[in-house]
Amino acid sequence: MANAKVIEAKQQEVQAIAEKLRGSVTTVVADYRGLNVSQVTELRKQLREAGIEFQVLKNTMVRRATAEAELTELDQVLSGPTAIAFSPADAVAPAKILNDFAKKNDALEIKGGVVEGRVVDVAQIKALAELPSREGLLSMLLSVLQAPVRNFALAVKAVAEKQEAEA
Numbered sequence: 003m004a005n006a007k008v009i010e011a012k013q014q015e016v017q018a019i020a021e022k023l024r025g026s027v028t029t030v031v032a033d034y035r036g037l038n039v040s041q042v043t044e045l046r047k048q049l050r051e052a053g054i055e056f057q058v059l060k061n062t063m064v065r066r067a068t069a070e071a072e073l074t075e076l077d078q079v080l081s082g083p084t085a086i087a088f089s090p091a092d093a094v095a096p097a098k099i100l101n102d103f104a105k106k107n108d109a110l111e112i113k114g115g116v117v118e119g120r121v122v123d124v125a126q127i128k129a130l131a132e133l134p135s136r137e138g139l140l141s142m143l144l145s146v147l148q149a150p151v152r153n154f155a156l157a158v159k160a161v162a163e164k165q166e167a168e169a
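For what it's worth, this note's numbering labels the leading residue of the sequence shown as 3, then goes sequentially.
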């Protein structure tokens, strides 16, 4: 009877992981071996503030979940201690936070991940981390859109000032 309960609990855990994989815009897999407790706590804090869930999971459970979520290509990076960051909203934030943290702490190693349902390697995760945040991209777009209006307003003002000077 106890075995049936254990199997049921494991199946539910696999289901939950598969749902997180499907519902996540970006998922980053990392090896945290060598980080001390205070470093892991700091990393978890940064991720939590960005709305990212960070979990240490058993590779066998994750493999079963990737099979269920049809992301079996991710199984290649599931070796050794594995921590996974799930981001349901922001595509850039988990890659950026983990990449920045890995630059300061050599012990953290990014292994790969999933971006919008596609399995990606370390190089692609690091390239994603170098992108500006969503807010940064929006501010760049806004400044590009404002430039013609600003230039037009300056030209109208210059013409008005010239006409006043002539009068």
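Where is the CB? At the ideal position from N, CA and C, for every residue including glycine.
Cβ neighbour criterion (16 or more within 10 Å) applied to residue i
i    : result
K106 : exposed
N38  : exposed
P96  : buried
N101 : buried
S145 : exposed
K113 : buried
L45  : buried
V64  : buried
S26  : buried
I9   : exposed
A162 : exposed
K60  : exposed
K98  : buried
V122 : buried
V151 : exposed
A6   : exposed
In DSSP terms, what residue i is bridged to
i   : result
A93 : According to DSSP, A93 bridges with nothing at all.
I86 : V31, Q57
Host beta strand (DSSP E) of residue i (start-end)
i    : result
V116 : 111–117
T68  : Run containing T68: none in the beta strand (DSSP E); it sits in the alpha helix (DSSP H), 61–70.
Q57  : 55–58
V122 : 120–122
Where the alpha helix (DSSP H) containing residue i begins and where it ends
i   : result
V42 : 39–51
A32 : Run containing A32: none in the alpha helix (DSSP H); it sits in the beta strand (DSSP E), 28–33.
Are the stretch 75–84 and the stretch 17–33 in contact at 8 Å, needing three or more beta carbon pairs?
Inter-segment contact for the stretch 75–84 and the stretch 17–33 is present: three or more beta-carbon pairs are separated by less than 8 Å.
Inter-stretch contact (C-beta, 8 Å, three-pair minimum) for the stretch 147–159 and the stretch 118–127:
no
Assess contact between the stretch 52–64 and the stretch 86–100, defined as three or more Cβ pairs (one per stretch) separated by less than 8 Å. Is contact present?
The stretch 52–64 is in contact with the stretch 86–100.
Measuring CB atoms only, is the stretch 56–72 touching the stretch 7–24, in the sense that at least three cross pairs come out at less than 8 Å?
yes
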